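Undergrad:
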Amino acid sequence: MIRNEKGFSYPLTFCVILLAFVVLSIQLELYVSERKMNNESVTMLKQEYYYLSAVKWTEERFLEEESGEVSGVYSFTAGEVNYHTIKVTDSLYRVTFMLKIKDLPEIEGTGYYDKDLQKMIKWNEKN
């Protein structure tokens, strides 16, 4: 009876296959979650880059133009930034940026430009 091994290989094979399936499922789950995080990181970096570029270009426009009423659109490969200025005080302007990237909701950012300092002094983003 001790040396009778009939029917032993099927449960062992089943356990090995089941273990391999579990390990592969875990690896697939990790791969999918890493891909999602990578795509989200790329999207966030694009948003930050587009906002930073728009802020720098707007600061340059303020330096070039005397009137201070600066508005327009900056176009990028994957989206565009609309901006509009409002005069708050004699030397302070509020610039509203609307970022639209393909297939994503529009994001609004507000910056305050100081003519005396010749730079943006405050920044807020609304999601």
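Counting from 1232, one number per residue, gives the positions in the sequence shown under this note's numbering.
Cβ atoms here follow ideal geometry from the backbone N, Cα and C, with glycine treated the same way.
Small disclaimer: the values here were computed from a predicted structure and weren't measured.
Can you grab the Cα-Cα spacing for the pair Asn1270 / Ser1264, in whole Å?
TA: Position 39 of the sequence shown, counting from 1, holds the residue named residue 1270. Position 33 of the sequence shown, counting from 1, holds the residue named residue 1264. If you take the alpha carbons of Asn1270 and Ser1264, they lie about 10 Å apart.
Undergrad: What do you reckon, are the CB atoms on Tyr1281 and Val1312 nearer than 8 Å?
TA: Reading the sequence shown from its first residue, position 50 is the one you call residue 1281. Reading the sequence shown from its first residue, position 81 is the one you call residue 1312. Yes.
Undergrad: Within a Cβ cutoff of 6 Å, which residues of the same chain sit near Asn1355, ignoring the five residues on either side of it in sequence?
TA: Mapped onto the sequence shown, residue 1355 falls at position 124. Cβ neighbours of Asn1355 beyond the five flanking positions: Thr1341.
Undergrad: To which residues of the same chain is Ile1352 closer than 6 Å at the C-beta, ignoring the five residues directly before and after it?
TA: For the purposes of this step, residue 1352 is taken as the residue at position 121 of the sequence shown. Around Ile1352: Tyr1343, Asp1345.
Undergrad: Which residue spans inside the stretch 1318-1352 form an unbroken beta strand (DSSP E) run of at least 3?
TA: Counting only runs of 3 or more, we get 1323-1332, 1338-1345.
Undergrad: Of the choices Tyr1324, Ser1302, Thr1274, Asp1321, whose alpha-carbon is the least far from that of Thr1308?
TA: As a position in the sequence shown, residue 1308 is number 77, starting the count at 1. Measuring from the Cα of Thr1308, the nearest candidate turns out to be Thr1274.
Undergrad: Along the alpha helix (DSSP H) that carries Val1247, what are the first and last residues, could you check?
TA: Taking the sequence shown and counting its residues from 1, one reaches residue 1247 at position 16. That run of the alpha helix (DSSP H) goes 1240-1295.
Undergrad: Quick one: Cα of Leu1243 to Cα of Leu1330, how far?
TA: Sequence index remark: in the sequence shown, residue 1243 carries index 12 (1-based). Sequence index remark: in the sequence shown, residue 1330 carries index 99 (1-based). Distance between the alpha carbons of Leu1243 and Leu1330: 58 Å.
Undergrad: Using alpha carbons as the reference points, say which of Asp1321, Tyr1314, Leu1335 lies closest to Leu1348.
TA: Counted from its first residue, the sequence shown places residue 1348 at position 117. Closest option to Leu1348, Cα to Cα, is Asp1321.
Undergrad: For Phe1293, count the other beta carbons within 10 Å of its own beta carbon; 16 or more makes it buried, fewer makes it exposed. Which is it?
TA: Here residue 1293 refers to the residue found at position 62 of the sequence shown. Phe1293 is buried by the Cβ-count criterion.
Undergrad: What does Glu1356 pair with, by DSSP beta-bridge criteria?
TA: Translated into the one-based positions of the sequence shown, residue 1356 becomes position 125. Bridge partners of Glu1356: Gly1340.
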